[in-house]
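What follows is a set of notes on a single structure, which appears directly below.
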Amino acid sequence: MISGIGLQKKYWKKLDSNIYKIGVIVEYSAIANQLIQYIEDLNEYSSVDSIGIIVDDENNIHRQWFEKHYPEVPFLFCRRDECKEIDLLDVIVIPESNKSIYEYIPSKITRIGLPHGTDVPIESTLCVYGGGFYFDYVLGARKQPKLTTQKYINSFPAVMRLHQQPFVSELPFGFPKLDKFFNAVSKLTGPKKAIIYHLSLLSVEEYWVVDVIFETLKTLLDEFPDKTIIFRVHHFNNKHPKVIECLNLGRGYSNFYYSDADSYIDDYARGAVMVTHREYYNHLFDLATGCPTIVYKLDPSYSLQYGHDGRYFTTDKIHFIDVLNQALNSRFDTSEECRKKRCLAAGIYNPGASFDYLVDNIEHIVSGQVLPEWTTYFLNEGTSKDVDFKLRQLIVSNRPFGPFAMAFGVMANHSALSLLLLAENYIRNSNVREYYYPLGFTAFYKLVHHEDFDLLSVESKVWWKIRGEVAFEFCCDAIDNGEISVTHELMWLRDHYQVSIESVEEINDVVRNDLKIINFYDGSNVQCGDILFYGAGAFTESIILSNQCNRNFNPIAIFDGDELKQNSLFMGIPVFHPDKIEYFSQDIIIGSQGSVTEIVNSLIINKNVKNKLFGFVNDPINNFLLNLLAKN
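Heads up: the sequence shown runs through residues 67 to 698, numbered per our numbering.
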């Protein structure tokens, strides 16, 4: 049931003022079924009117899919430029994302963030997925270690934030997907006769997993003909050659079942045991069913990393069948009462009653309140100078800076420079390349078609030769192997974007400069004279050694939090506890790359350091990105 913005606004205006209007951003993704559940469950409450929001659906493909599969669910379809018209909503629920910060949602609507699983720490929700830029509240699934309320000061500059409040508050909500799974298990009668073979995204699994999938599946099918073998892979890997090989194998067995529905709940509820190659902190199968989990590793000495109870087993290839039979023959209490106790013991909030808690507190949320039982992280105001200050650190770090790059793009009205930074960010994500690399080249495609591209055409060519070319070859190979989908942007770049670097000098014209040690505050170089270092390690050593030829500065002290290094000499320089920084006024060079942003934050927030802070730049692309930022 899909409506347009005009009809929906008339409907909202007729609603009783005591009814809260809640929108849910619905995307065609792996969690689409969870988002649909939110709409359906919220509409069970008389005080709530909930609707799914489908935004900017190119060619209506996804709109038609939702309309076909969920004809009874209310949806509003609107283009991005129409989203300003949804400001009659009281609240909007937004799934965390690593490719959008939802800048098209009116800022007057209270935003509630939805993490994608029970084991997502608040640190990831706010920093990795960027919730600190666009969430007022976050729906917490389980108890997490308490962090200082000042933890995220200086992390999300006010000029880049899109939500209303100067804080992000985490609600003790729960996990509706677990509720649904839990209830599905309770409704089943009779003994469970299925073995689940569960695989994560193959690029996240250990390197050897892809080589044992076929053999493991065949062993399960042959050894347990009386059990249904439920085989499920991440939807990104449906066309992987090894998965296709397994599907062809399964067609020859009557006990094979391929789980490819959007939700695995109905399939997994039948499971008596789950086989996996990854140890999960809290997988829903364990919590909802109370049935055992087998962690199959190549290493026979592997021991469990998390504090599981006796329902987790480990095995190698030799003992696989024996351990699996042991798990199947064990008699665990899987009653509803026991399963609920285990959920509470795992720190899950409100098992079976997540939405009751949310609806009971919706008035507090709409009015911008926080309750003592909620965990609230405060954000500072800041100025536009804080943007460059943070961005310099992120460029120097050599780490991905996704949400910051996206927020910078919105603030800069998607300038050519912001698109180059976004491409750089995604190409730095080397862990899940088949997901992030295409996003990087989508940004680069937009850069090539940007009205100001000519201003960065030479820099773009150099970036492509040094950074992009190898990543693009990976994408082309992955397409050929069926590991990623063909996109218009990838195909256009392959067919039309030709890079010709005529000489080494042409590259040097872009990347050659004297910038080596940069002031995070204003982008200037370090001055000659006495200098301090933070961190007595290999990176500091490399900076000092690189300085010995030029003699630009004289290191007089190093500060390090490691007690074993304190009160000693490092390269002949005394090492002190960080508390001693207050007795020195000289500039500080951060002797770290990957942890530079955390160290700078700690020095400013915890130590109240007023010294100028510098970072070491040892990458040619980082050098010219910093130069471009200075000119911007």
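Here a beta-carbon is modelled for each residue, glycine too, at the ideal position from N, C-alpha and C.
For Tyr319, report the span of its beta strand (DSSP E) as first-last.
It is not in any beta strand (DSSP E) - Tyr319 carries neither H nor E in the DSSP assignment.
Cβ neighbours of Arg344 in the same chain (closer than 7 Å, five flanking residues each side left out):
Ser266, Glu271
Taking just the CA atoms, how far does Tyr600 sit from Trp274?
39 Å
Selection from Leu483, Ala489, Ala509, Tyr501 that minimises the alpha carbon distance to Asp520
Leu483
On the DSSP letters alone, give me the boundaries of the alpha helix (DSSP H) that Cys404 sits inside.
402 to 411
In chain order, what residues of the same chain lie with their CB nearer than 6 Å to the CB of Ser329, ignoring the 5 residues before and after it?
Asn99
Quick one: what's got a C-beta closer than 7 Å to Thr663's C-beta in the same chain, skipping five residues either side?
Gln459, Leu460, Ser463
Could you pull the start and end residues of the alpha helix (DSSP H) that Lys246 belongs to?
242 to 253
Extent of the continuous beta strand (DSSP E) run through Gly206
203 to 206
Helix, strand or coil for His264 per DSSP?
strand
Looking at the unbroken alpha helix (DSSP H) that takes in Met477, where does it start and where does it end?
468 to 477
Sufficient close CB pairs (3 or more, under 8 Å) joining the stretch 476 to 490 to the stretch 635 to 654
no
My understanding is that Leu486 touches Leu522, with C-beta atoms under 8 Å, so please give their C-beta distance in whole angstroms.
6 Å
What does the alpha-carbon distance come out to for the pair Val159 and Ile91?
6 Å
Whole angstroms is fine: what's the gap from Asp365's alpha carbon to Asp382's?
6 Å
Identify every run of the alpha helix (DSSP H) within the stretch 309 to 372, keeping only runs that are complete inside it and at least 4 residues long; order them along the chain.
331 to 334, 350 to 355
Consult DSSP for Thr442 and reduce its assignment to one of helix, strand or coil.
strand
Return the residue from the list Ile119, Lys165, Phe625 that minimises the CA-CA distance to Ser668.
Phe625
Do Asp352 and Tyr378 have their C-beta atoms closer together than 9 Å?
yes
Going by DSSP, what residues sit across from Phe421 in a beta bridge?
Answer by DSSP bridge pairing: none, since Phe421 is not bridged.
Tell me which same chain residues have a C-beta within less than 8 Å of the C-beta of Cys357, skipping the five on either side of it?
Lys258, Gly337, Ala338, Val339, Met340, Phe351, Arg377, Phe398, Thr400
Cβ-Cβ separation, Ile431 to Tyr203 (assumed contact under 8 Å), whole Å
6 Å
Cutting at 6 Å between CB atoms, please list the residues of its own chain near His702, excluding the five before and the five after it.
This structure does not reach residue 702, given that the chain is present from 67 up to 698, and the question cannot be answered.
Going by the DSSP bridge assignment, what does Phe379 pair with across the sheet?
Ile360
Going by Cα to Cα distance, which pick from Leu556, Leu635, Ile671 is closest to Asp645?
Ile671
Neighbour-count burial assignment, Glu490, 16 or more Cβ in a 10 Å radius:
buried
Which word fits Met557, buried or exposed, when buried means at least 16 other C-beta atoms lie within 10 angstroms of its C-beta?
exposed
Start and end of the beta strand (DSSP E) containing Cys542?
Per DSSP, Cys542 belongs to no beta strand (DSSP E); it is in the alpha helix (DSSP H), 535 to 546.
Does the separation of the CB atoms of Leu679 and Phe540 fall below 9 Å?
no
Is Gly589 helix, strand or coil when you go by DSSP?
coil
Return the CA-CA distance between Gly316 and Tyr323, expressed in angstroms with no decimal places.
8 Å
In whole angstroms, what separates the C-alpha of Ala42 from that of Leu228?
The displayed coordinates of the chain run from 67 to 698. Any statement about residue 42 would go beyond what the structure contains.
Can at least three beta-carbon pairs, one atom from the stretch 130 to 149 and one from the stretch 469 to 480, be found at a separation below 8 Å?
no
Determine the DSSP secondary structure at Arg298, reduced to helix, strand or coil.
strand
Does the beta-carbon distance from Glu93 to Ser163 come in below 9 Å?
yes
Could you check whether the stretch 288 to 296 touches the stretch 413 to 424, counting it as contact only if at least three pairs of C-beta atoms, one from each stretch, sit closer than 8 Å?
no
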